[in-house]
Every structure is written in C-alpha cells, then in structure tokens.
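A.B. asks:
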Amino acid sequence: MEANRTERGAARLRALIEAASEMFLDQGYESVSLDTLIARVGGSRRNIYGPFGGKEGLFIEVVTQLCADLSRPLEELDIDAEHDVSSALTLFGCRVLSIVLQPRTLALQRLMIGEGLRFPELAQAIWHAGHDNAVRRLSVWIGRKQAADQLRGDISPSDLAAQFVNLLVTGPQLRALVGIASKPLDDLEITRLTKIAVKAFLEGALVKDKKRNA
184 MEANRTERGA ARLRALIEAA SEMFLDQGYE SVSLDTLIAR VGGSRRNIYG
234 PFGGKEGLFI EVVTQLCADL SRPLEELDID AEHDVSSALT LFGCRVLSIV
284 LQPRTLALQR LMIGEGLRFP ELAQAIWHAG HDNAVRRLSV WIGRKQAADQ
334 LRGDISPSDL AAQFVNLLVT GPQLRALVGI ASKPLDDLEI TRLTKIAVKA
384 FLEGALVKDK KRNA
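Residue numbers for the sequence shown follow this note's numbering, beginning at 184 and rising by one.
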C-alpha cells in the first residue's frame, strides 16, 4: 500500500513537472499561473509548495531538468566512432545542429533570453548545458587530434572548438529563434550546412602536408 502511494506521488510529480515545463517554455515565467497549472494536472497548491516552495522553486526544478535533457544527447555521442577528422566533425556537427534546432531547445533558448536577468544562474546553467557542453566535448577531441599532429597546435583546443560551434550554429539558430526560418531544417539540409562548416573550419585548422610545404 505504501509503495503504491509512493509510486502515485512520483507519477503526480512527474506530470506536474512536465506540464510546468510546457507552460514555462510556451509562456515564460511571469505569465504562468499556478492555478492554471493545478487545474491542468490536478492536486492543490500544497503539491507545489511542498516539494518546491512555490512557483520560483518549481521553475528552477523545471529548468534544471530541461538542462539535463539538453546535454544528454551529446554526452551519448561517440565522436571517435569516425576516425577521419572531417567525418568525425560532420558527425558531431550534425548532432549539435539537430539538438539546437529542436523546438524544445529553441523554446529553452528563448526562455534564457527572456528570463536571464531575473534568473542569471539559470541562464548560465542553460548556456552551460548547451553551448559550453558542445565546446567542452569537442575541445577534448580536438586536443587528441592536436597531439596526433592532425590539427594545428598553435590555437588552444577550447578556442578551436568554440570557433567551430559558433561557425556551425549561429546562423541557423538565430534564424529559427526569431522566426525567419520558414520551416524546420530536414536532415539533408542539416548535413549540408554541417559539411560547409567543416570544410571552412578545416581549411584554417587542418595541418598542411609537410612534404608539400617543405
């Protein structure tokens, strides 16, 4: 009996967080009404104030979970599955661009922009889970390629990684955020844009043929 109550409580909490996530992403922090949220999922204010202390605490929990969801797909990617530098960067870039352009990721970015001054630590957490996570993951791989003399070593791995991520993401992400993109990019277009970024990046970062330059 106690186990059943615990399971029901956990299920109710998950439903509350999921509904709150959708509402915060769609409406922003200020416009979300706890009464509307309760009417949607059932229960009472006690179900919110008990575990979270109120609307702000619930918002913090929602953003924390959204950040974990944002970083997970990239953490699961094995960049070294491709041994060729260009192929590995294309694999990584396609995954990053796909994540960035997902509707929920775009909504989270808009939330960061809209609520960043009110919740600077949460804005930093979103940035860390998205942009910084991609740069950090790629910089480790770049460091290994520099050690193997496959990428130039006169620029730090983190700077090279940041340049690649910015080169790849900035244009498509900004167009999607402000609504200029008329429709979501399909896999073929994501791959095309990624290959362009990879080519542009490697022309400045790839170690040239030493014999040819001798």
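In this text, a Cβ means the ideal position worked out from N, Cα and C, and glycines have one as well.
Please read these numbers as outputs of a predicted model, since none were measured by experiment.
1) If we call anything under 8 angstroms between Cβ atoms a contact, is V246 one with V348?
2) Return the Cβ separation of L360 and R319 in integer angstroms, given the expectation that the two are a contact with Cβ distance under 8 angstroms.
3) Considering only residues of the same chain and omitting the five flanking positions on each side of A312, which have a CB-CB separation below 6 angstroms?
4) Beta-carbon separation of F147 and L321 under 8 angstroms?
5) Could you give the uninterrupted runs of the beta strand (DSSP E) lying entirely in the region 282-323, keeping only those of 3 residues or more?
6) By DSSP, does V245 sit in helix, in strand, or in coil?
7) E298: buried (16+ other C-beta within 10 angstroms of its C-beta) or exposed?
8) I want to know whether the region 334-353 touches the region 373-380 - three or more CB-CB distances under 8 angstroms.
9) Using the Cα positions of I325 and L284, report the straight-line distance between them to the nearest angstrom.
10) Where I373 and P256 are concerned, what is the direct C-alpha to C-alpha distance, given to the nearest angstrom?
11) How big is the Cα-Cα spacing for R167 and L208?
12) Identify, in the order they occur along the chain, each residue of the same chain with its Cβ nearer than 8 angstroms to the Cβ of K308, setting aside the five sequence neighbours on each side.
13) Report yes if the C-beta distance between G237 and I243 is below 8 angstroms; otherwise report no.
14) Are the beta-carbon atoms of G240 and R195 separated by less than 8 angstroms?
15) Apply the 10 Å Cβ neighbour rule to S214 and answer buried if 16 or more other Cβ atoms are within range, or exposed otherwise.
16) Using only the alpha-carbon positions, how far apart do Q346 and C277 sit?
17) Identify whether A344 lies in helix, strand or coil by the three-state DSSP scheme.
C.D. replies: Looking at the atomic coordinates:
1) Taking the first residue of the sequence shown as position 1, residue 246 is located at position 63. Taking the first residue of the sequence shown as position 1, residue 348 is located at position 165. No. Outside cutoff.
2) Numbered from 1 along the sequence shown, position 177 holds the residue referred to as residue 360. Numbered from 1 along the sequence shown, position 136 holds the residue referred to as residue 319. Taking 8 angstroms as the upper bound for CB-CB distance, L360 and R319 are not in contact here, some 23 angstroms apart.
3) Position 129 of the sequence shown holds residue 312. Apart from sequence neighbours up to five positions away, the residues of its chain that approach A312 with a beta-carbon distance below 6 angstroms are C250, L253 and S254, ordered along the chain.
4) A query on residue 147 cannot be resolved here, the shown segment of the chain reaching from 184 to 397 and no further.
5) Taking only runs of at least 3 residues, no beta strand (DSSP E) segment lies wholly in the region 282-323.
6) For the purposes of this step, residue 245 is identified with residue 62 of the sequence shown, where counting begins at 1. For V245, the three-state secondary structure derived from DSSP is helix.
7) Numbered from 1 along the sequence shown, position 115 holds the residue referred to as residue 298. The residue in question, E298, is buried, as its Cβ has 16 or more Cβ neighbours within 10 Å.
8) The answer is yes - the region 373-380 touches the region 334-353, with three or more Cβ pairs under 8 angstroms.
9) Against the sequence shown, residue 325 aligns to sequence position 142. Against the sequence shown, residue 284 aligns to sequence position 101. Looking at the two C-alpha atoms, the distance is approximately 24 angstroms.
10) For the purposes of this step, residue 373 is taken as the residue at position 190 of the sequence shown. For the purposes of this step, residue 256 is taken as the residue at position 73 of the sequence shown. For the pair I373 and P256, the Cα-to-Cα distance works out to about 16 angstroms.
11) The structure shown does not extend to residue 167, since the chain is modelled only from 184 through 397, so no value can be given for it.
12) The residue you call residue 308 lines up with position 125 of the sequence shown. The amino acid occupying residue 308 in the given sequence is Ala; Lys does not appear at that position. The residues are V246, T247 and C250.
13) Along the sequence shown, one-based indexing puts residue 237 at 54. Along the sequence shown, one-based indexing puts residue 243 at 60. The Cβ atoms of G237 and I243 lie no closer than 8 angstroms to each other.
14) Here residue 240 is taken as the residue at index 57 of the sequence shown, counted from 1. Here residue 195 is taken as the residue at index 12 of the sequence shown, counted from 1. Result no, Cβ atoms of G240 and R195 do not sit closer than 8 angstroms.
15) Position 31 of the sequence shown holds residue 214. S214 is exposed by the Cβ-count criterion.
16) For the purposes of this step, residue 346 is identified with residue 163 of the sequence shown, where counting begins at 1. For the purposes of this step, residue 277 is identified with residue 94 of the sequence shown, where counting begins at 1. About 16 angstroms.
17) The residue you call residue 344 lines up with position 161 of the sequence shown. Helix.
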